[in-house]
Each structure stands twice: as structure tokens, then as C-alpha cells.
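S.K.:
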Amino acid sequence: MKSESKVRASLPEGLTADTLRDMYYRMVLTRLCDDRAFALNRQGKIPFAATCQGHEAAQVGAAFALKRGTDWVVPYYRDTALALAYGVTPREQLMCLFARKDDVFSSGRQFPNHYSVPRCNIASISSIIAAHVTHGVGMALAFMMRKQPVVTLITFGEGSTSEGEWHEALNFAGIHKVPAVFLCENNEFAISVPQKLQMAIANVADRAAGYGIPGVICDGTDPVATYTVVHEAVERARNGEGPTLIEAKCYRAMSHTSDDNQATYRTPQEIEALKTRDPIPRFEGWLKDRGFIDDETIAQFKKKAQAEVDEATDWAEEQAPPTEEDLYTHLYASGPLS
Amino acid sequence: MPVKTVLEGVRDAMHDEMKRDPRVFIMGEDVGPRGNVFLITKGFLEEFGRDRVIDTPLAEASIVGIAVGAAMAGMRPIAEIQFADFIYPAYNQIVGEAAKIRYRSAGGNTCPLVVRTPYGGGVRGALSHSVSVEALFYHVPGLKICVPSTPADAQGMLVSAIRDEDPVLFLEHKRTYRLIKGEVPEGDYTVPIGKADIARPGKDLSVITYGLMRHFAVEAAEKVASEGVDAEVIDLRTVRPMDRAAVLESVRKTRRALIVHEDQKFGGVGAEISATIAEEALFDLDAPIRRVCGPDVPAMGYAKEYEEAFMPSPERIAGAMRELAEF
Amino acid sequence: MPQLGETVTEGTVGRWLKKVGEAVAKYEPLLEVETDKVASEIPSPFAGTLAKILVEEGTTVPVGAAVCEISESASAGTASAVSPVSAVSPVSAVSPVSNVEQPAAHRAQVAVRDGIRYSPAVRKLAREHRLDLGQLTGSGRGGRLTAKDVLQHVESGSARFSPAAQTAASAVASVSAEKPAAVTAHVKPAVVAPPAEGDTSIRVTQMRKTIAEHMVLSKTTIPHAWSMVEADLTDLVKWREREKEAFKAREGVNLTYLPIVVLAVCGALREFPMVNATWAGDKIILRKQINVGIAVDIEDGLVVPVIKDADHMSLSGVARKIVDLVNKARSRKLTMEEMSDGTITVDNTGALGSIASYPIINPPQAAIITTEAIVKRPWVVNDAIAIRSIMNLCLSLDHRVLDGSVASRFLQSVKRRLESFTGAA
């Protein structure tokens, strides 16, 4: 099904034909990685997978709006597309899924998609919802104190915005105008709890006023729309004008993780209808309409991405798992203590 | 050598480190113009500016959480929790996050953070200004927990904590702030974290203690010395990592162990010390391990009688020393 | 001086708001006090007249110190009672406290129930020093034996035997402590009439007591059997006569028969390792080391110092060792080490003329051998009568470990070695 695509008169600042194609490639790569994760899970090869499907556009759009190599990201566990668009490789992603000893994120200690990639300016996160939001604010504060022109992107789902710490973080950020961008990827469900049981308001962005910062809503299934909004917020932050709360409306195509079954709380019709919102065919159409891409290139990209995912899978599966000797590493700076 | 109070030691440690290292800053409630509710940071705002002496909103979880982020980004934050009784909202950030960052990222991120807070009773602080919290945290690998009780230790260990690459929970016994005075060496002076101090050498029994109780134990030891009981007092100074070697060496020498802490008895630090001694020095023990601790009630009450019933006194400690010596 | 803050310990008198002689109402501001936290007006606790200022302006005093005296207006017109004003005493952390713990329960736990309670430290010390704890008295609560008691006992240097029944490491001290109790429980002591006129009471010394217990233990737990052989030592006697002066000059000690006997016993033990053994209940342990104990008479008793690894020593080595041990024994300087781990005992009963003895085995050994007096006797040699120097060798054996045949063959071996001794070490 070909969805409606919007015609844009001119491209937003910083977006070229090449970057648009790159964005598309990243989305395709992420989807294939995501599919591979669930395939491995169903094969019994990995015990756990968390999906990104439905979020690819918002995350890739946001990633491209940052200054790569300078700006920092404090993500959450659904940000596979964001990671793969901000320098993380498919091999690194698969190493994490297989919980290998040389897994860059955590040496096999964390659940999948709990990123930590210093090389890519991606900070370490845990499974504790919203605990990372204050960290992002603290990082932004540090860059501000050191007068470095670094912006910190902090992402989270709409469920996070119920945690007290989320509010404390935005409160502080607004008071001190820290150079941060808060990006809520609202996929309408926190596991099984729908938005209307999560908050009394229609938009997460409406909370921004309570913290004295601007709140902006965008279509999270449109990478260019998300890019535009995030880019503007990043510039504001870099110019010392303080943080912005962005709500990218998207959806969650699959269950929360491999341990969830959304058929228990969503109707089959509802789940089926989600397919019409898939950002990848939508972006494909948008790019084709404007002559940025043709079918041949699309096929090439898909083939290349699949090859990357296959290579990464085979390679990661061969790598060594951690052993008992690795139990006490990285406990303190000087090794394990009594 | 200058003589200072514990409070002055804490103040000077922070002041000198902030002068020496531009990465060090303080965030907490009332640390700015008010100078902290005990006047510890008096003058800091004028000297170091608003950027480095930050009055935070009344939100403990984010006081620590934001400090965690700043530490991850290479700063050396000192997060102050106004009273240890208020630390519980920050438990998530201290235990769930700060303690695990290095381990969970395999060294990709680190968290050189200090969380400072006053604890303990003896100031008529009642149920919510008197608790001891070390037992809630010392269970957690990845954290270090300091409990100095002399001005020299407070100053030297706080400098060590600020310079430490790992998160340190720095617990200051509020009764010692102005009560305890002592000499502190001049210049760049540190005391290592994780090393106990022999507050009083002896041969008849080993008292293992920390905090205000160190001073009470020494007082009790002097009292029973005239009765022929020679007690050795070991001030742990750090609750994690614990100086097990010092404890075991002392107990192997005296063969009798008395643990004293103000915190409630059940599941307190004394339980771990007891288990360690029993595991490693059972055949050197000439008497059961003894603990003198706070009672197992939720907290210390406001009435003087409640506070006195809660806090171990030198008399009570001396009584336990006598009983142990004659066992 | 009031306490104006939770951690404040002193205060400075700022300004007196009343002069001496001036009236002051209850709660009316009396003086200003400064602390490093705050400056406050202090309301008067009484109504009356300011009688005396005790602390001048600008002076710092501890919390609780009297700052002035007020004569209360209640008894107007007369010299009224003067009340020093010091306000609230400080929170004292040093106060008598009712003991929240349960010391009674603690003491009850200490109460001795079964008569003997040894702490881990005491048991460890007992093992290390080979002590029989039952004989020691304690200075701890309820008569408990403390580690200090044990150490003092060891340092006082009283002689003692190796403890009974030691085999495996664990539960040793408890076994040795319990065994005598168990043993004596089965043996009813004879009813003894108290000392009558003319009788003499001799105090039983520690050593005497130890010896007594050891002998009782041996005789009641080890089934003794006995054997004797006669050895013709005529050649040995002659050899010794020839050698003794040169030996003395060379070695500095006398050449007696005892070191020769020790070497012969060592040789025989190598041939019959079963004799160098000990009964351990479910097993018999054959000891590799040959440690020969030598019974030594000392004033008021008997000790058995041990020559360790006697089978690796030369004649002169054994001779010197014996002299050394005997001297130490007599001067009460033997160490624990020198009195422990014997695997067999040699007792020179012949020194005092005995020609046959029934020795008591030294537990946990399996045998004890005596050398009786060397006596010239008419003897049959090659079907003719000759005068020969004859020494009896007696052996008591633990019949659980040794049977008559092994014991006899062992004795024969000792006899043979003595009869054919040529001095070759």
C-alpha cells in the first residue's frame, strides 16, 4: 500500500540527497536487524529482543539532526535505529544480542539495546525507566559548565514521563536552561498500558509549559519532519536558549519485547491497521516521488543491508561468551575490592 | 598543626579541592547563600560562583541523578543530601545507577561522584533527622562508603573521595560536626578509603566501631583500663570496602570481639563483621562475638529519654567490655 | 548559656539588655547571644531583678554555663533566693542509659550446662601444645577455662605427657578432655579411709596427678600383654670396656648401654613396623617416624623425653641426645616439642637392679620395652657351662595392635642386634 506522502518545497537545512538516502538506508538496516533479532529469538538462540519497529523514522531523523562526533545521546532501550544511525555497527548490535564477552555496550552484562558506546558519544543506560533522564541533564550541565558547544539528546517513551525523576529532570533543565533536547517517542503504549491510563493529557508536549520550556509535536513516522523539529531544538540548545521537549508521535508495530504478547491487550484489527503507518514504505515513496531514489537503488540497499546483517549475525555468533573469570572486572577503577 | 572541628575538616576538604580542580562542584539544597544548614559551605558561593555552587530544587532523586550525569561527562560533582533521612528517593540513583555504571558499561562510562550527607543522632533530631543509613548501602558492590569521625579523617577522606574514580557515599555524623576537635595536617593531605585506624591499642578485647561510637568506645576503654581491662578500639573509618585484615588481625590477637554501632542491630554492619570474624577466625575466638547497637525500633524519638535509650553510651559500652573481658 | 542549635556547643554573650539592679519580667529579652549560626535575644526565664552578671559582653562560654543571677520577685522586699540562669542544659550524649539489651539472657547462655565448655581458641591451643585440658582450672566466668588460662599454664613450664588418644586432627582436644571422664566413670575408685593419726598426707602435685591419670588411662583402655627374653651381652660388655674411654674423649659423653639399646630397638622397628604403631579405633596407624621415648626419673616423678628420628642418628648422636634430654628433664627445661610424638618407649629399669619388670604402655604407643640389669650368670654355651653377662628385655604390648608372635619376633630382633653389636653405627 502506498501511503500519502507530503511534498516539500525545499529541503530543511543540512539535508542533502545523499543524507536522505543514507537515512533511508539506516531505516532499512534497522528493520532487518530487528527482524533478525526476533528470528534468532524464535530459534532459541537469544533469549530476549526488544523491537524498534514503528520508531525508525523518528530515531533516524533525530540522529541526523545532531552534530555527529560532538553531540551526545542518552537513549533508551528501543533506540536501535538511533544507534545504527549514530555510528553503532550491526556487528556491535548483534554482539549485544548474543551477550558476548567483547560486546562493546556491556561485555554481555546488560539486556539487549542497553547502549553504551563512548566512541559514538552514546551514554550508558539501564533498564530503570526514566533513570537516565537526569543523567542526560547532568551531562548537559557539565558541557554547559565547561562552555562546550555540545548538545545532549535524551530520548524516552511516553511511559517515562510518569516517573517522578522525569519531572525532576525537566524542572532542573528548565531552571538552568541546560543545552539538552528531550525527545519523547510516543508509541501510545507502555507495555500494555495505553496513553489514556498513563496521563490525563493528550500530548506529552503539553507538559513542557510546566517547566518553562517549549513543547513541540511532530509526526514520528516522518523522518524529515522529525529531523526538522529536532534540528531546530538542537540549534536552540547550542545557542544557549535552553532545552525543548519534542513529542514524536509514532507507534509500536510489535509487542513490547519478545516476552510480551500484545494480542492480549490490542485487537487484531488494531494491530493489522498499524501496517499502514509503516514509515519505511512511506519514506520510500516520498524519496521516489522526488527522484532521490529509484527501485534499483532500493533493491541494492536492501541487499546490502541484508548482507551486513547476515555477516554481523554469523560473526557475532562465533565470538566467545564471557566466563566466570570475567565476573569481577570493571567493578572499581582499581579492580575488585573486599 | 591546626586544630579543627569535623565540620571545618569537611569544609576545608571541599574548599581546597574546588580550588585545585575546576571539575569539582557542589549541588544540593541550601548550599548557596545559606551556606548549607550547618554552614559548611559558607562563603563558597562568593568564592566559586553560581556555576559551581548550585542550589537545587527540593528533589533528592535528581540531585543525585543529575550529579551522576555530570560525573559521566567528566565532572567531579559533590551531591549533598541535606539529611541522610532524606536520601531514600535518591536510592534508585545511588544503588540502581551510580554503583553499576562502570560495571554495566564494562568501563565505557564511569561515575566519579561523591554523595555527602549528615547522619546520626544525639542532637534531638527525632525520627527524621537522626537515622543511620550505612546498612542500606554497604550491601552494594560498586559503591564505597566512608564514615569518618575525626577532623583529620573527615578532611583527608573527603579529599580521597572527591579524587576517587568511583562513586563514594560520604556519611558525616552530625553530632561530631562541632563536638569533635582535633589536629589536621596542613597542605595536601589525604587519608585512604578502606583503611581502619587503631584508635586505641590494647590486648584484652577488640572493639570494632565507627562514627560517633568511636569516641564513646575510646572513652569507655579508658574507664575500664583502670579496672585492668585493656581494650583495643578499631575505627573502621570506611564501611565498604571494609578493612577486614585490620579487624581479623586485632581479633586474632585479643580473641574477643565487641562490635559497636549506633545503627539498629538487626542487619547492621555488625552482622557482616560478625560473619567475617566467625568465618575466618573462629578458632581464635575465646568468647562469642558481642554487638552493642541501637535498638530495633524504626528510629530515634524526639524525647530525650528515647534518644538516650537508643544511642549506645560510654557506660553501656564499658559494661559490655567488662562482661566480655571476664567471660 | 542556652543551646541555640542542634550542634552548637558554646555561645558568646553579645549585649546585656538589662543592667544589674534592673527589674526584668518573665519572657522579657534579657541579653543577646551569638553563636556561629545565629544571634538571638534570650527571654528571661524568671521575673525578678538582675542581681549579678557572671559573663561579660564578648565572652564565649560553653552551653550550660551560668551567665547571670536573678533574684526572684516572688519573695519581694527581702534578700531573695538567687537563681543562676543557665537555661536548657545541652544535649549530652554522655548519660547513664538503661541497657536496652538483655544482659541476663546473655549470661544465662554462658552458664555451664554439661560441665565442660571449651572455646575454639582454647581447643586450638590445646592441640598445639598437646594438652590434656581436664587438669586445668579456669578463671573465666563460672570457672570457664579461658585461652589466657591455657597460655599461662603453658608458659609456667610444668612437665606433662603427650595427650591420650590423639590420631586425626579434629575433635582431638574434646576427645582427650572427654576420655578421662568417660574412663573414670566406669572405674569406681576404692573406698579410702581418711588419714589417721601417725599417717602422713602428701599433696598430689600436678605432675603426680598427670602421671596417675595417664597410668589409669593406659591400664583401663589398653589390653596389656607381656613377654620377656634373655640376651647374652658378654661380647657387648667387652666391647664397651674397650671403647668407653676413647668414646668419652671423642664425644664428651659417657658410653652407656642405653644408646646401644635405642639403636637396636630402631633396627628392630624397621624390621617390624607394626610395633611402631598406634590403635586408632577404626584403624591402626603405622608411624613412619621412629621417635624413641626414654623414661627418665626425676625428683618427685617421671618424664619421657623423646629422641626424634632416632633411626637416622648415629651411636654418638643418640648418646649425646640422651644426655641432653636427661639434663633438661632434671632441670625441668624440656619443651613441649621434646616431650611429644613418641612412638615407642624404652625404660632402663635395670639401672636400679631390676631383672624383670611389667611396664605400663605410654598411650597412644603400642609397646614399651625395658632393659633389666646386666647380671653375670652361669650359662650354657655350646653345651658347656660358662659365666655370661645376661640382660633381660621385657616388653609390654597393646594386644589390639600386636599379637604374641610379632611381639616375640620383635624382641628376638632386639636381642639379636644387641648380642651381635660391633659398634658399626
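Chains as they are written, first to last, in my numbering: chain A, 1 to 338; chain B, 339 to 665; chain C, 666 to 1090. Beta carbons: idealized from backbone N, C-alpha and C, even for Gly.
Using a 10 Å radius around the Cβ and a threshold of 16 neighbouring Cβ atoms, would you call residue 868/C buried or exposed?
M.R.: By the 10 Å Cβ count, residue 868/C comes out exposed.
S.K.: Taking a cut of 7 Å between CB atoms, which residues from the segment 398-412 of chain B lie near chain A?
M.R.: Per Cβ criterion, the list reads 399, 400, 403, 404, 405, 406, 407, 408, 410, 411, 412.
S.K.: So residue 481/B is in the beta strand (DSSP E); what residue range does that whole segment cover?
M.R.: From DSSP, residue 481/B is part of no beta strand (DSSP E); its letter is neither H nor E.
S.K.: Along chain C, which residues have their Cβ under 7 Å away from the Cβ of residue 618/B?
M.R.: Residues of chain C passing the Cβ test: none, with the nearest at roughly 12 Å.
S.K.: Please compile the residues from chain B whose C-beta is within a distance smaller than 8 Å of the C-beta of residue 109/A.
M.R.: Near residue 109/A (Cβ distances below 8 Å), the residues of chain B are 441, 442, 444.
S.K.: Using alpha carbons as the reference points, say which of 913/C, 890/C, 678/C lies closest to residue 1065/C.
M.R.: Minimum Cα distance to residue 1065/C is reached at 890/C.
S.K.: Under 8 Å, Cβ to Cβ, is there at least one residue of chain B near residue 760/C?
M.R.: Residue placement at residue 760/C is poorly supported in this model, since its pLDDT is 36, which falls under 50; the coordinates are not used for a value here.
S.K.: Between the segment 159-175 of chain A and chain B, which residues of the former have a C-beta closer than 8 Å to a C-beta of the latter?
M.R.: So the close ones are 164, 165, 168, 169, 171, 172, 175.
S.K.: What does a CB cutoff of less than 6 Å around residue 825/C pick up in its chain, not counting 5 residues either side in sequence?
M.R.: With a pLDDT of 45 at residue 825/C, under the threshold of 50, the predicted position of this residue should be treated as unreliable, though the coordinate-derived value follows. 875, listed in sequence order.
S.K.: Does the beta carbon of residue 137/A sit closer than 8 Å to a beta carbon anywhere in chain B?
M.R.: Interface residue, yes.
S.K.: At the 8 Å Cβ level, is residue 368/B part of the contact set with chain C, yes or no?
M.R.: So, not an interface residue.
S.K.: Which chain B residues sit within Cβ distance under 8 Å of residue 674/C?
M.R.: Within chain B, the residues near residue 674/C are 516, 517.
S.K.: Is the segment 448-457 of chain B in contact with the segment 622-638 of chain B, if contact means three or more CB pairs nearer than 8 Å?
M.R.: Touching, no.
S.K.: Tell me, which residues are paired with residue 544/B by DSSP?
M.R.: Beta-bridge pairing links residue 544/B to 570/B, 595/B.
S.K.: Take residue 265/A as the anchor and find which of 35/A, 139/A, 188/A has the nearest alpha-carbon.
M.R.: Ranking the options by Cα distance to residue 265/A, first place goes to 188/A.
S.K.: My parser needs the beta strand (DSSP E) runs of 3 or more residues fully inside the segment 240-271 of chain A; what are they?
M.R.: 244-249, all fully within the segment 240-271 of chain A.
S.K.: Of all the alpha helix (DSSP H) runs that stay within the bounds of the segment 935-1009 of chain C, which reach a length of 4 or more residues?
M.R.: Segments of the alpha helix (DSSP H) lying fully in the segment 935-1009 of chain C: 980-995.
S.K.: Cα-Cα, which of 95/A, 97/A, 159/A, 181/A is closest to residue 196/A?
M.R.: Checked all of 95/A, 97/A, 159/A, 181/A; the closest Cα to residue 196/A is 159/A.
S.K.: Please compile the residues from chain C whose C-beta is within a distance smaller than 7 Å of the C-beta of residue 593/B.
M.R.: What residue 593/B touches in chain C: 786, 812.
S.K.: Taking residue 247/A as the reference, give the member of 260/A, 227/A, 239/A with the closest Cα.
M.R.: Comparing Cα positions, the closest option is 227/A.
S.K.: DSSP three-state call for residue 602/B: helix, strand or coil?
M.R.: Residue 602/B falls in the strand class under three-state DSSP.
S.K.: What are the uninterrupted segments assigned as alpha helix (DSSP H) that are 4 or more residues long and contained completely in the segment 382-415 of chain B, given in chain order?
M.R.: Fully enclosed alpha helix (DSSP H) runs of 4 or longer: 382-386, 398-410.
S.K.: Return yes when the Cβ of residue 391/B is within less than 8 Å of the Cβ of residue 362/B, no when it is not.
M.R.: Not closer than 8 Å, so no.
S.K.: Going by other Cβ atoms of all chains shown within 10 Å of its Cβ, with 16 needed for buried, is residue 127/A buried or exposed?
M.R.: That one is exposed.
S.K.: At what residue ranges does the segment 1019-1088 of chain C contain a whole run of the beta strand (DSSP E), taking only runs of 3 or more?
M.R.: You should have 1032-1046, 1049-1063.
S.K.: Just checking, does the segment 68-86 of chain A make contact with the segment 290-305 of chain A on the three C-beta pairs under 8 Å criterion?
M.R.: With the cut-off at 8 Å, the segment 68-86 of chain A and the segment 290-305 of chain A do not touch.
S.K.: The beta strand (DSSP E) with residue 511/B in it runs from where to where?
M.R.: Residues 506-511.
S.K.: Just mark residue 305/B as buried or exposed, buried being the case when its beta carbon has 16 or more other beta carbons within 10 Å.
M.R.: It is not possible to answer for residue 305/B, since the shown part of chain B is limited to 339 through 665.
S.K.: In the segment 785-806 of chain C, which residues sit with their C-beta less than 8 Å from some C-beta in chain B, listed in chain order?
M.R.: Residues 785, 786, 787, 788, 789, 805, 806.
S.K.: Could you list the residues in the segment 380-395 of chain B with a C-beta less than 9 Å from some C-beta on chain A, going in chain order?
M.R.: From the segment 380-395 of chain B, only 389, 390, 392, 394, 395 have a Cβ closer than 9 Å to chain A.
S.K.: Give the DSSP bridge partners of residue 893/C, in chain order.
M.R.: Per DSSP, 1059/C.
S.K.: Please go through the same chain and pick out, in chain order, the residues whose beta-carbon is closer than 7 Å to the beta-carbon of residue 280/A, but skip the five residues on each side of it.
M.R.: Contacts found: 27, 28, 31, 56.
S.K.: Residues of chain A with CB closer than 7 Å to the CB of residue 420/B, please, in chain order.
M.R.: Those do not exist, as residue 420/B stays about 16 Å from chain A at its closest Cβ, beyond 7 Å.
S.K.: What residue does the beta strand (DSSP E) around residue 64/A start on, and which one ends it?
M.R.: Residue 64/A -> not in any beta strand (DSSP E); alpha helix (DSSP H) instead, spanning 56-64.
S.K.: Any idea if residue 365/B is buried or exposed, counting beta-carbon neighbours within 10 angstroms, 16 or more meaning buried?
M.R.: So residue 365/B ends up on the buried side.
S.K.: Count the CB pairs spanning the segment 469-482 of chain B and the segment 123-141 of chain A that are closer than 8 Å, and state whether there are at least three.
M.R.: Output reads no: the segment 123-141 of chain A does not touch the segment 469-482 of chain B.
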